[in-house]
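Residue numbers (UniProt numbering): 1 to 1048. All remarks here apply to the structure that follows.
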């Protein structure tokens, strides 16, 4: 109870005392039980030690400032370091943080303890315990790596199929008697308090590794996951502070990779065997993955993509052929330069120029952060793309009628220097030209000292481009990419552009000087600005690249609108947050000339004076003119989402969605979405919630409302359905190259549609990352192979544990408790003697575990091989009636060789049956939600129906072979004509319409003809029923959609 259900220790002590009393009372009638009393402990810790449930760990003193780790020697403070002496570089000052704290215990004196401790679990001991369990080794050695058209696990992915060992041979399966393993690595931050302890905000960080050799239905179980440690809070390690913890992981990983680890004995090998392992892939959310691999830890950094070298300024470029590829050799070079830099200034120079820091994972010679960093679909698609599309693009407004989510074109992003660039930027461009002119051997590295906009301007003016020409659409890449372009260009002696540069030097380019001449020749009274080199007006030259995001601009605008009734402190707060560029932007919107005749031009004023003048000008003009206030309010209305335009998901549409949700019957393995999602009274939604909303509920309602219409709302629907189709493909349990190509085509068409329908929308890094998910599917197979919910579930497990709420101590408690919990679960499953002795206890625990299953995880309780097991073991023997028996005979006797075979009427009726990792049940049972199915009838057509009966038949073929055949008896829905059905145009993602009621016709089909569950929505007022197939294994269904998914 203490280790399985986390019953508090004191409660468990009381329970053990009660057991002692019961035995003492029964002893009066059953004789002497002295031996039992001696064996019965008084504390659960005694039992944990007796059954060897405790993990093998090493405790470290953790610096509270820099997270440096020092081995901890208990009960000997003088032998432990007192002050942190860590230096980030040889020239850095030592950290100097105190590692110990003192506490006064009154009469017991003052005692010392480490400020923070980190507890690390030994990987070799954990794996040794795992290999001592029966049946485990056979599972670990049963991974297939052959190339197949359909990939159902990570071992069929491109990375594992082509992975080589140190000798250049295929890594798996390896030599005889040698165990070859692979682990995925996950790191994630969580709040140990769940925001429940006096509203404290804290963050601890968990490190997990999943053994990928185990089958998918076993690898994510609590007893099979390796918990390396929990990093102490109250804040997560910043930048490269995480490296101290990763060094412990890599130290063990290098030993397993280079020499292997010999286990003296395993369950299957009494004389022992050698084990080797690798770490791949890295499975984290976007921010966590970036920090682990040594990439910038914010999504707003110019280096934002872990898969390509596209710059944040180029994020609007969605054509993959234009994205520069990363080079693993260059990455390792920059990482090593960062590690070996003599001072922090040089480290910062390297990091800002290349985007890479040192990560201990680079010590693994096979480590490739580009290929091995899996892009997590749960965060990229469900929690980012779907949520963002609903809340920001569609927008939700439960108070106003639905609109068309119209947008006003945004300001053009200006990425280059132009007529409005200040003198410091022009001076930087001149210095850059001097470096290029000198052409030293380190030219490419020297150019990293200049901002990307400087390099971009030079490349654009002299036609330096990977694809040739001077188009700003094809000139993309990070600072390092542009520096390489310039370096190669500088070595081309016959290049016309180079000759022009050498002749003009030290002058700026012709294009740049023409813009500056135009600026100098203009007077302050000019009404039209000179065009910039990119075709945009100089008014927009402040650019979105220098402006806050639209949501922030909206807050600033409403702050200006409320100044009339605000006090001086609120006005000062707003003034401090605004910048001169933002105020110039508002001047442009309000058509206010920021240059007054009586004042000097703002560009020649100090920045503080310029900002003050602009602020006073905007406020004064707005207070004097109601027309200007209305104009600003029109540009930034009071609507959710931060973008202009009416909400597509308005009150009428949301009410229709909520109503249709009540009429929709979902399979039991799908958790229902909150009935009032989208309203202000409903809190945050989970990733599963957003996926169900996008894949099920929105298509059902939006297609009904707009599937027959024309215009913008129909375009909005069609664009959204491209995303729905992409999500369905990305989340399948099996994948093929054809599906990967379909996903890439769909997500690209969706992205292009978003740019066209929402011209003011700024593409997010998570949106760009979703364009790379196809590569992740190719590298590592289907989604379940590199999924992230396993560590989210483990965090939920941490939250159920008891701890002392003391940061620095509770993390070690979480680790030890979780390992004891995992070990006792494994013992309950593996110890056959215990299973016989405590069969009722184990059975009750198993039932409790099944009750906790939720959402898309419910079906995972069934083995992938249990295709013909009855779901709940409730059955009864009986006979088929004459009509059903004749139908069964027509099925079994259809082949010519089986026409004279006898078919028995005696069958076994079942309430439920497991097939293809899903449970199907009869209509008149407690599991009636699992009775609606999609199946293939005897003519080969796909139809929807409801299961009336399930039975098994003992049958003997004409060949003499005896088999047990499962069948279902069902009633089907008649489908509506295709031209009358608006849903069919969207394929399986849209479903199809049927007549309102089931037919009275009875059909019998084999269980192998059942394809998946369906969601059933009855529209009595419209006289039809909608059917939506729901399955995570839609391979066979989606292959028929080739025409639907083709490029238009």
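Backbone N, C-alpha and C fix where the C-beta goes; we use that ideal spot for every residue, glycine too. All values reported here derive from a predicted model rather than from experimental measurement.
Item                                                                                                                                                      : Value
Please name the residue in 272, 289 and 423 whose C-alpha comes closest to that of residue 239.                                                           : 289
Report the partner residues of residue 262 according to the DSSP bridge assignment.                                                                       : 274
Give me whichever residues DSSP pairs with residue 179 in a beta bridge.                                                                                  : 275
What span of residues does the beta strand (DSSP E) with residue 204 cover, start to end?                                                                 : 204–211
Residue 971 to residue 1007, Cα distance in whole Å?                                                                                                      : 15 Å
Under a three-way DSSP split, which group does residue 104 fall into?                                                                                     : strand
Would you say residue 189 touches the ligand NAD, meaning its beta carbon is less than 7 Å from a heavy atom?                                             : As presented, the structure is devoid of all ligands, the ligand NAD included, so that no description of it is given.
Which partner residues does residue 188 have in the DSSP bridge list?                                                                                     : 206
For residue 115 versus residue 64, is the C-beta spacing smaller than 8 Å?                                                                                : yes
What does the alpha-carbon distance come out to for the pair residue 226 and residue 169?                                                                 : 28 Å
Where does residue 430 fall in DSSP's three states?                                                                                                       : helix
Within this structure, are the beta carbons of residue 910 and residue 875 separated by less than 8 Å?                                                    : yes
Thinking C-beta only, is residue 257 closer than 8 Å to residue 364?                                                                                      : yes
Look at the alpha carbon of residue 759 and the alpha carbon of residue 379, and state the distance between them as a whole number of angstroms.          : 24 Å
Measure the C-alpha to C-alpha separation of residue 1003 and residue 934 and round it to an integer number of angstroms.                                 : 13 Å
Between the C-alpha atoms of residue 1020 and residue 663, what's the straight-line distance to the nearest angstrom?                                     : 10 Å
What ranges does the alpha helix (DSSP H) occupy inside the segment 322–403, keeping only unbroken runs of at least 4 residues that lie completely in it? : 328–340, 344–354 and 369–372
Distance, Cα to Cα, residue 729 vs residue 403?                                                                                                           : 30 Å
Below 8 Å on the Cβ atoms is my guess for residue 141 versus residue 173; work out the distance and round it to an integer in Å.                          : 7 Å
Let me know if residue 19 comes out buried or exposed under the rule of 16 or more other beta-carbons within 10 Å of its beta-carbon.                     : exposed
Quick one: using the 10 Å Cβ neighbour count with 16 as the cut-off for buried, is residue 409 buried or exposed?                                         : exposed
With a cut-off of 8 Å, do at least 3 Cβ pairs link the segment 676–684 to the segment 391–402?                                                            : yes
Counting C-beta neighbours from all protein chains within 10 Å, is the total for residue 604 16 or more, i.e. buried, or is it exposed?                   : Summary for residue 604: the model assigns pLDDT 45, below 50, so the residue's position carries little reliability, and this model does not support an answer.
With 16 as the cutoff for other CB atoms within 10 Å, does residue 657 come out buried or exposed?                                                        : buried
Distance check for residue 1005 and residue 921, CA to CA, integer angstroms please.                                                                      : 14 Å
My guess is that residue 1025 and residue 660 are in contact by the Cβ rule of under 8 Å, so how many angstroms apart are they, rounded?                  : Incorrect: roughly 12 Å between the Cβ atoms, too far for contact.
Kindly identify the DSSP beta-bridge partner or partners of residue 444.                                                                                  : Note: residue 444 sits in no beta bridge, so no partner.
Alpha carbons only, please: which of 977, 219 and 799 is nearest the one belonging to residue 1060?                                                       : Residue 1060 is absent from the structure shown; the chain starts at 1 and stops at 1048.
CA-CA distance, residue 699 and residue 713?                                                                                                              : 13 Å
For chain D, check one thing: does any of its Cβ atoms lie closer than 8 Å to the Cβ of residue 937?                                                      : The structure shown contains no chain D, having only a single protein chain.
Any chance you could list the alpha helix (DSSP H) runs of at least 4 consecutive residues sitting entirely within the segment 1008–1035, in chain order? : none
What are the start and end residues of the alpha helix (DSSP H) that includes residue 484?                                                                : 479–490
Three-state secondary structure (DSSP) at residue 966?                                                                                                    : strand
Report yes if the C-beta distance between residue 732 and residue 667 is below 8 Å; otherwise report no.                                                  : no
Apart from the five residues on each side of it in sequence, which residues of its chain come closer than 6 Å, Cβ to Cβ, to residue 1030?                 : 1013 and 1015
Three or more C-beta pairs under 8 Å: does that hold for the segment 740–752 against the segment 765–776?                                                 : yes
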